[in-house]
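S.K.: Pasting a structure here, questions to come.
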Amino acid sequence: MHAHAELIERFYAAFAQRDWAGMGRCYHPEVHFTDPAFDLHGADAAMMWRMLCTNGRDLRLEHSGVSADDSTGQAHWEARYTFSATGRPVHNVIDASFQFRDGLIVRHVDKFDFWRWSRQSLGLPGMLLGWSGFLRGKVQAKAAKSLAIFATRAAAADDAVAAPAP
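Our numbering runs 135 ahead of the 1-based position in the sequence shown.
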C-alpha cells in the first residue's frame with residue numbers, strides 16, 4: 136500500500152475513533168479543506184474536525200475505496216449522525232479527494248449531494264430549497280459561525296488546562 140494511502144487510512148481510522156488530534160496530524164500546516172459547508176485553511180480545517188468529533192455524539196463512520204499515489208488520493212466515506220440543529224438523522228455519502236505535500240494532506244475536497252443532505256438534516260426547508268444557492272449560503276454562514284464559536288471556547292478550555300496551578 137502506498138504511504139499516502141496509509142495516511143488516508145490513518146485519517147479515517149482516527150475519525151472513526153473521534154480522534155481529532157490524530158486527524159490533524161495527517162494534515163499539512165497549509166492544508167486547504169472544502170466541502171459544501173466549509174472552505175477552510177490551515178488550523179481552521181483541523182478545528183472543524185475537532186468540532187465535529189466533539190459534538191457528534193452518535194457519529195458513526197465507514198470508509199472504503201482508499202487509493203493514492205505520489206501526488207493524489209481518494210476515498211469514499213459515509214457518516215451517520217443526528218444533525219444537532221434539528222435532531223434529524225442523517226446518512227451522508229461522501230467522495231473525498233486528496234493532494235499531498237511533504238507526506239501530509241495539503242488539499243482535501245469532500246463532495247456530497249447537498250440537496251440530499253439538506254432534505255435529511257433540515258426536513259421541509261431542505262426539500263424545498265436544498266437545490267438553491269440561497270440555502271447553501273445560509274448553511275455555510277451558520278457553519279462558519281458555529282466553528283468560530285467552537286474555536287473560541289476550545290481555545291479558552293485549552294488555556295485553562297495549560298495554566299499552571301496556583
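C-beta atoms are modelled at their ideal positions from N, C-alpha and C, and glycine is treated no differently.
1) Here's a check: name, in chain order, each residue in its chain whose Cβ is nearer than 7 Å to the Cβ of Ile210, leaving out the five neighbours to either side.
2) Out of Asp179, Glu141, Gly208 and Pro171, state which residue places its alpha-carbon closest to the alpha-carbon of Phe269.
3) Would you mind listing the beta strand (DSSP E) stretches within the stretch 151-209 that are 3+ residues and don't spill past its ends, in chain order?
4) Just checking my contact of Ser281 with Gly265 at CB under 8 Å: how many whole Å lie between their CB atoms?
5) Leaving out the 5 sequence neighbours to the left and right, which residues in its chain are closer than 8 Å to Thr217 when beta-carbon positions are compared?
6) Taking just the CA atoms, how far does Asp237 sit from Gly258?
7) Helix, strand or coil for His211, going by three-state DSSP, please let me know.
8) Of the choices His243, Asp245, Val244 and Gly261, whose alpha-carbon is the least far from that of Arg115?
9) By DSSP, does Ser232 sit in helix, in strand, or in coil?
10) Can you tell me which residues form a DSSP beta bridge with Arg223?
11) Looking at the strands, I want to know which residues DSSP matches up with Leu239.
M.R.: On the basis of the data shown:
1) According to the sequence provided, residue 210 is Ala. The question's Ile does not apply to it. Counting only residues of its own chain and dropping the five nearest sequence neighbours on each side, Ala210 has a CB closer than 7 Å to the CB of Ile143, Tyr147, His198, Gly200, Val201 and Ala231.
2) Pro171
3) 162-169, 174-176 and 195-203
4) With a Cβ gap of about 19 Å, Ser281 and Gly265 do not count as contacting.
5) Arg192, Asp193, Arg223, Pro224 and Val225.
6) 43 Å
7) strand
8) As displayed, the chain neither begins before 136 nor continues past 301, which places residue 115 out of reach and without an answer.
9) strand
10) In the DSSP secondary-structure assignment, Arg223 is bridged to Phe218.
11) Arg236
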